[in-house]
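Here the numbering used here is used: the first residue of the sequence shown is 482, the next is one more, and so on. Positions of the beta carbon are idealized from the N, C-alpha and C atoms, including for glycine.
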Amino acid sequence: TVEPFKSANLHTQEPPSLQTTVIVTSPNVGPDPTTIICPSCRATVVTRLDYETTTKTHLCAGLLCLFLCWPCAFVPYCSTSCRDANHYCPNCGSFIGTYRK
Ligand SMILES: [Zn+2]
């Protein structure tokens, strides 16, 4: 008797996940460009990153103003650390996912 499921399982054992705990929308994307299979065009692509200015960015700037660091208030707008990273497919341009800090 052929047991296709058993033999298939032998080849699909996944290695232990090395991912750290980050809150992301699915599919899993990180703060850096990620190699992923585009859900839209099914191509294996390295995602294009676009950083989104969020409420948190404004909060960071506001806090810096409050603490009299107003010359530094522009920093959150330049830094990527206060902004969400949107991943797009460079092939078809479709939105893939967002990495939230
Ligand atoms: Zn695509």
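Under 8 Å by Cβ, that's how I've got residue i and residue j pegged, so tell me the actual separation to the nearest angstrom.
i	j	result
R529	Y569	5 Å
C541	C563	5 Å
P571	V526	6 Å
P557	T538	5 Å
Quick check: what's the CA-CA separation for residue i versus residue j?
i	j	result
D513	D531	10 Å
L544	D565	19 Å
C573	L547	43 Å
C519	A554	37 Å
S521	P552	43 Å
R581	T534	11 Å
T515	T536	25 Å
P508	S575	13 Å
I517	I577	9 Å
For residue i, which beta-bridge partners are listed by DSSP?
i	result
I517	V526
G511	Answer is none; G511 lacks a bridge partner.
Point to revise | Residue ranges of each alpha helix (DSSP H) within the region 521 to 575, 4 or longer | key: 536 to 547, 556 to 559
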